[in-house]
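Have a look at the structure below, then the notes.
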Amino acid sequence: MRAHINDYALILPIFHVKRISLNKKKDQSMSISVPTNTTLSVGIAGTGALGSAVAHALINGIDGLKLTHLSDLTPNKDFNIPYVDFDELANECDIIVECLPPKAVPELAEKVLKAQKTLIMISSCALLIYPEILDIHKDTHSRIIVPSGALSGIDGVKALKELGIISSKIASTKHPRGFTGAPYVDKMGIDLTQIKTKTKIFEGNAFEAANAFPANVNVAATLSLAALGPEKTRVEIWADPEAKGNMHELTIEGTYSTLYSRIENKPDPANPKSSMLAAQSIVSALKDMHNQLIVL
């Protein structure tokens, strides 16, 4: 598992999937092959608050992409687009966007990866909780793209890794109600209604955090993939009744640089466990599929 994660962290998260192949010929000259601007079909698995925001962006228009299929146990009547099962979604679409609860991700991922398609995966914690996803992926020619989600500073983290990262830490703060239903909260018997001041309710590594708070710590999982891996990425989770949004603070110490990043996102009204920025990070990744100018 650790080896798979380490290999994966070299390419995740990424923000574009345009492939330019350089074919070196015998005379040492180089030819560049750029894919034609064909329209790619996009499917979305999960049309809750997150998936619906991405769907609206695609319907409003993203160059080179067309939303053709949706999948959800409870179809959203706002969309006049066919709802299909995971099998059809994987077979019919070039790009599949995952906007699911983490426990539903393995089933989707298996079908998409075996169909050799591109999976945009916002539930990055599923890569830590369900290692079989990476086991399947390593035997396919599919691609997984992990957007930055609700984080800032991932571009700098990736650059720091090239020079060497000494330590990596993320501290996430949310209103106590944002942790309702988390396995760790239930297991430890934490009464969220009794938290009156900012309180640290968890400290551990990204592996432990992903299992303890699967709906809350995609940010920690994404950081771990970009930096030192899940076992060496430290995670603190704070509950603050005065919090007006979801705040994430990164402290990354590198060999030559130290990165501090802090972002405070207003919670999505439809899903206080997440932020509206997460959906827009997916939209940004989708736009980069055909962008001729890409800023990383």
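Note that the working numbering numbers the sequence shown so that position 68 is 68, with each residue one more than the last. Glycine residues also receive a C-beta, built at the ideal position from the N, C-alpha and C atoms.
- Rounded to the nearest angstrom, the gap between the Cα atoms of Ser71 and Asp78 is 14 Å.
- The C-alpha of Lys287 lies about 34 Å from the C-alpha of Trp238.
- Lys198 is the residue among Lys198, Val283 and Lys111 whose C-alpha sits nearest the C-alpha of Arg177.
- Pairing Glu132 with Pro106 gives a Cβ-Cβ distance under 8 Å.
- C-alpha of Lys66 to C-alpha of Gly245: approximately 33 Å in a straight line.
- The continuous alpha helix (DSSP H) containing Ala220 extends over residues Asn218 to Ala226.
- For a cut-off of 8 Å, the C-beta gap from His69 to Leu89 is around 5 Å, short enough to register as a contact.
- The criterion of a C-beta distance shorter than 8 Å is satisfied by Leu40 and Asp94.
- Secondary structure note for Tyr256: it is in no alpha helix (DSSP H), with a DSSP letter that is neither H nor E.
- Rounded to the nearest angstrom, the gap between the Cα atoms of Ala150 and Met247 is 9 Å.
- Straight-line measurement puts the Cα of Ala226 at about 7 Å from the Cα of Ile154.
- Annotation: the continuous beta strand (DSSP E) that includes Phe202 extends over Thr199 to Asn205.
- Counting only the Cα atoms, Ile294 lies some 22 Å from Ser142.
- DSSP links Val235 through a beta bridge to Ile170 and Gly204.
- By the Cβ-count criterion, Pro214 is buried, with 16 or more other Cβ atoms from all chains shown falling within 10 Å of its own Cβ.
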